[in-house]
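Report on one structure; see the data block that follows.
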Amino acid sequence: MGYCPNTPEEIREMLAVIGVKSVQDLFSPIPQELRAQSFDLPAGMSEFELMGVMRSKAAAGGAAIIPFIGGGLYDHIIPAAVDHLSGRAEFYTAYTPYQPECSQGTLQALFEYQTAICRMTGMEASNASLYDGGTALAEAALMALKITGRNAVLLDASVNPLHREIVCGYLGSLSAEVAEVAPSGCESDLEHLLGSITAETAAVIVQNPNFFGSVADFSALAERAHQQGALLIVSCYPIALGLLKTPGEMGADITVGDGQSLGNTLSFGGPYFGFIATRKRFIRNLPGRLVGETVDKAGRRGYVLTLQAREQHIKRHKATSNICSNQSLCALRGLIFVSALGKQGFEDLATLNFDKAQYAKSVLAGIKGVSVLNGEATFN
């Protein structure tokens with residue numbers, strides 16, 4: 000049962016109807032000596048602290064398995080508000096908002112999602128989500144081919160191997176050239192990447208943090224790519240953006256990632272959502288749906304699907320992408336997640352993840368026969 004508290008005004012109205020001055024007067028028949036003077040309640044807890052208490056109690060019946068494999072998908076805390084709000088029928092059962100006059104709630108939520116992605120990544124334009132991080136990366140590569148008119152992509156081999164496989168699958172059908180650059184240990188080989196960019200390169204694809212958790216600054220790579228007329232595509236882990244330099248600050252042209260960590264459970268592999276953001280000058284090359292803000296005839300603010308002529312349901316085989324759907328509900332969960340945490344909470348979550356990873360490395364390094372491959376700063 001939902002709890003709907005009464006406002007002070009409602010309480011005053013009810014007391015006036017029954018003819019008493021205060022709530023305390025309602026207990027006047029009970030002798031003073033029989034009334035509880037203090038309930039001796041402990042101090043309140045944050046949701047995060049309460050979850051910890053409940054987990055410890057649940058563990059009394061058997062220790063839970065803590066996963067360390069990761070691979071780009073992780074079991075992060077999810078505020079209860081995410082399940083509650085995303086499960087509302089008006090969101091949960093909604094279809095594509097082609098008719099803005101009856102879909103303003105969904106459209107505004109997606110517009111706010113796009114805004115949140117741009118703020119997180121430091122980019123200027125975002126679509127309303129893609130299927131997952133892997134397809135988002137492949138779509139970014141296709142964008143680069145169309146924007147530059149070139150047919151070769153430079154791919155850092157420290158990018159998630161599953162995502163690399165999807166990129167190669169997409170571009171292979173177009174006979175595009177994909178050249179992989181092996182990492183240097185657990186880190187991207189920046190010198191090799193810098194030296195491999197040519198006038199034929201459409202884009203350089205990197206990941207931060209990379210598949211091994213290593214963190215890098217790709218600003219010099221962005222500068223070198225732009226000198227050759229190529230684009231820089233950065234795949235990023237969204238929660239790490241609470242601490243790290245954003246792709247936009249590095250000079251990236253397109254940013255992608257998997258939104259699983261933003262309020263979506265692991266769920267044995269999905270569903271998740273992919274995000275993609277770019278510079279404003281490339282907005283007409285973005286795949287998928289875009290929600291824009293406008294005004295109606297009366298001057299009232301409203302939201303619509305905009306630049307639809309790019310999309311498959313209008314342009315057919317000449318569309319920017321074969322993507323004709325998205326993961327709106329999962330993206331909505333991502334929006335609720337970051338909104339519930341707020342800017343400071345998001346930074347705190349990133350810091351907590353970094354600190355725990357460093358602690359885990361130090362403990363593992365203390366075990367005989369165990370060595371840490373990467374002693375530098377890592378995230379996850």
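Count the sequence shown with numbering that gives the first Met the number 0 and you get residues 0 to 379, in order. Ideal Cβ placement from N, Cα and C applies to all residues, glycine included.
Q) Three-state secondary structure (DSSP) at D155? A) Here residue 155 corresponds to residue number 156 of the sequence shown, with the count starting at 1. D155: strand per DSSP, three-state reduction.
Q: For the region 126 to 145 and the region 363 to 375, state whether three or more C-beta atom pairs, one from each stretch, are separated by less than 8 Å.
A: no
Q) Buried or exposed: which applies to Q307, given that a residue is buried once 16 or more other Cβ atoms fall within 10 Å of its Cβ? A) Along the sequence shown, read from residue 1 onward, the residue named residue 307 stands at position 308. By the neighbour-count criterion, in which a residue is buried when 16 or more other Cβ atoms sit within 10 angstroms of its Cβ, Q307 is exposed.
Q) Does DSSP put V19 in a helix, in a strand, or in coil? A) On the sequence shown, residue 19 is found 20 positions in, with the first residue counted as 1. Judged by DSSP in its simplified three-state form, V19 adopts coil rather than helix or strand.
Q.
Pull the bridge partners of G273 from the DSSP assignment, please.
A. What you label residue 273 is simply residue 274 of the sequence shown in a count that begins at 1. Paired residues: L129 and D257.
Q. Ordered along the chain, which non-local residues of its own chain (more than five positions away) have a Cβ less than 6 Å from that of A318?
A. If you number the sequence shown from 1, residue 318 lands on position 319. Once the five neighbours on either side are set aside, the close Cβ partners of A318 are E310 and Q311.
(Q) Let me check understanding here. Comparing Cα to Cα, which of S45, E46 and Q23 lies closest to Q36? (A) Taking the first residue of the sequence shown as position 1, residue 36 is located at position 37. Per the Cα distances, Q23.
Q.
Taking the straight line between their C-alpha atoms, what separation do you get for S213 and A224?
A. Residue mapping note: residue 213 aligns to position 214 of the sequence shown, counting from 1. Residue mapping note: residue 224 aligns to position 225 of the sequence shown, counting from 1. Distance between the alpha carbons of S213 and A224: 21 Å.
Q) What first and last residue would you give for the alpha helix (DSSP H) that runs through G341? A) Here the question's residue 341 lines up with position 342 in the sequence shown. S327 to A364 is the span of the alpha helix (DSSP H), which, as asked, contains G341.
Q) Does DSSP classify S55 as helix, strand or coil? A) For the purposes of this step, residue 55 is identified with residue 56 of the sequence shown, where counting begins at 1. Residue state, collapsed to three classes: helix.
(Q) According to DSSP, simplified to helix, strand and coil, what is C3? (A) The sequence position of residue 3 within the sequence shown is 4, counting from 1. Three-state DSSP puts C3 in coil, outside helix and strand.
Q: Return the bridge partner residues of E380 from the DSSP annotation.
A: Within the shown structure, residues of the chain are numbered from 0 to 379, placing residue 380 beyond reach of any answer.
**Q.** Stretch pair the region 189 to 198 + the region 101 to 115: three plus CB contacts closer than 8 Å
**A.** no
Q) What's the call for M119, buried or exposed, on a 16-neighbour Cβ count within 10 Å? A) The residue you call residue 119 lines up with position 120 of the sequence shown. Under this definition M119 is a buried residue.
Q) Cβ atoms of R332 and S85: under 8 Å apart, would you say? A) Working through the sequence shown from its first residue, we reach residue 85 at position 86. Working through the sequence shown from its first residue, we reach residue 332 at position 333. In contact: S85 and R332 (Cβ atoms closer than 8 Å).
Q. Considering only residues of the same chain and omitting the five flanking positions on each side of L363, which have a CB-CB separation below 6 Å?
A. Counted from its first residue, the sequence shown places residue 363 at position 364. So the list reads V369, once near-sequence residues are dropped.
Q) A135 and I275 look like a contact to me (Cβ under 8 Å); what is the Cβ gap, rounded to whole Å? A) Working through the sequence shown from its first residue, we reach residue 135 at position 136. Working through the sequence shown from its first residue, we reach residue 275 at position 276. That pair is a contact at about 5 Å.
Q) Near F26, what residues of its chain come up, given a Cβ to Cβ distance below 8 Å and the 5 sequence neighbours on each side ignored? A) The residue you call residue 26 lines up with position 27 of the sequence shown. Once the five neighbours on either side are set aside, the close Cβ partners of F26 are R34.
Q. Using the C-alpha atoms, what's the distance from V233 back to F387?
A. Absent from the model: residue 387. The displayed extent of the chain is 0 to 379, so no value can be given.
Q) Do the CB positions of F47 and Y236 come within less than 8 Å of each other? A) Within the sequence shown, the letter at position 48 stands for residue 47. Within the sequence shown, the letter at position 237 stands for residue 236. Y236 is positioned such that its CB atom lies no closer than 8 Å to that of F47.
Q) For C3, is the classification buried or exposed, using 16 other Cβ atoms within 10 angstroms of its Cβ as the cut-off for buried? A) On the sequence shown, residue 3 is found 4 positions in, with the first residue counted as 1. By the neighbour-count rule (16 or more Cβ atoms within 10 Å), C3 is not buried but exposed.
**Q.** Alpha carbon of T350 to alpha carbon of H75, nearest angstrom
**A.** On the sequence shown, residue 350 is found 351 positions in, with the first residue counted as 1. On the sequence shown, residue 75 is found 76 positions in, with the first residue counted as 1. Distance between the alpha carbons of T350 and H75: 13 Å.
Q) When you compare only the Cα positions, how much space is there between V290 and Y97? A) In the sequence shown, residue 290 corresponds to position 291, counting from 1. In the sequence shown, residue 97 corresponds to position 98, counting from 1. Spanning the two alpha carbons is a distance of roughly 11 Å.
(Q) Let me confirm a value: T254 is counted as buried when at least 16 other C-beta atoms fall within 10 Å, else exposed. Which label applies? (A) By 1-based counting over the sequence shown, the position of residue 254 is 255. That one is buried.
**Q.** Simplified DSSP assignment, three categories, for N373
**A.** One-based indexing of the sequence shown puts residue 373 at position 374. Reduced to three states, the DSSP call for N373 is coil.
Q | Assigned exposure category for R149 - 16 Cβ within 10 Å defines buried | A | Here residue 149 is taken as the residue at index 150 of the sequence shown, counted from 1. Under this definition R149 is a buried residue.
(Q) Using a Cβ-Cβ cutoff of less than 8 Å, which residues in the same chain neighbour P182 once the five nearest sequence positions on both sides are dropped? (A) For the purposes of this step, residue 182 is taken as the residue at position 183 of the sequence shown. Excluding positions up to five away in sequence, the list reads D155, A156, S157, D188, N209 and F211.
**Q.** Nearest-angstrom beta carbon gap, N325 and S125 [assumed within contact, 8 Å]
**A.** Stepping through the sequence shown from its first residue, residue 125 is reached at position 126. Stepping through the sequence shown from its first residue, residue 325 is reached at position 326. Not quite, the Cβ-Cβ distance comes to about 12 Å (not below 8 Å), so this is no contact.
Q: Output the boundary residues of the beta strand (DSSP E) element that contains Q206.
A: For the purposes of this step, residue 206 is identified with residue 207 of the sequence shown, where counting begins at 1. Segment T200 to N207, the beta strand (DSSP E) holding Q206.
Q) In angstroms, rounded to a whole number, what distance separates the CA positions of D216 and A115? A) Here residue 216 is taken as the residue at index 217 of the sequence shown, counted from 1. Here residue 115 is taken as the residue at index 116 of the sequence shown, counted from 1. Distance between the alpha carbons of D216 and A115: 22 Å.
Q) Any chance the region 255 to 263 sits against the region 57 to 77, with 3 or more Cβ pairs inside 8 Å? A) Cβ pair count under 8 Å is three or more, so yes.
Q: Under 8 Å by Cβ, that's how I've got Y271 and N263 pegged, so tell me the actual separation to the nearest angstrom.
A: For the purposes of this step, residue 271 is taken as the residue at position 272 of the sequence shown. For the purposes of this step, residue 263 is taken as the residue at position 264 of the sequence shown. Confirmed, about 5 Å.
Q: Counting only the same chain and skipping the five closest in sequence on each side, list residues whose C-beta sits under 8 Å from that of G171.
A: Within the sequence shown, residue 171 is the residue found at index 172, counting from 1. Within the same chain, G171 has close Cβ partners V177.
Q) Just checking my contact of L242 with F110 at CB under 8 Å: how many whole Å lie between their CB atoms? A) Translated into the one-based positions of the sequence shown, residue 242 becomes position 243. Translated into the one-based positions of the sequence shown, residue 110 becomes position 111. Not really, about 27 Å apart at Cβ, beyond 8 Å.
Q. Who pairs with I232 in a beta bridge, going by DSSP?
A. Mapped onto the sequence shown, residue 232 falls at position 233. BP columns for I232 point to I204 and I253.
Q) DSSP on S213, reduced to helix/strand/coil? A) Locating residue 213 in the sequence shown gives position 214, where the first residue counts as 1. In the structure shown, the three-state DSSP call for S213 is strand.
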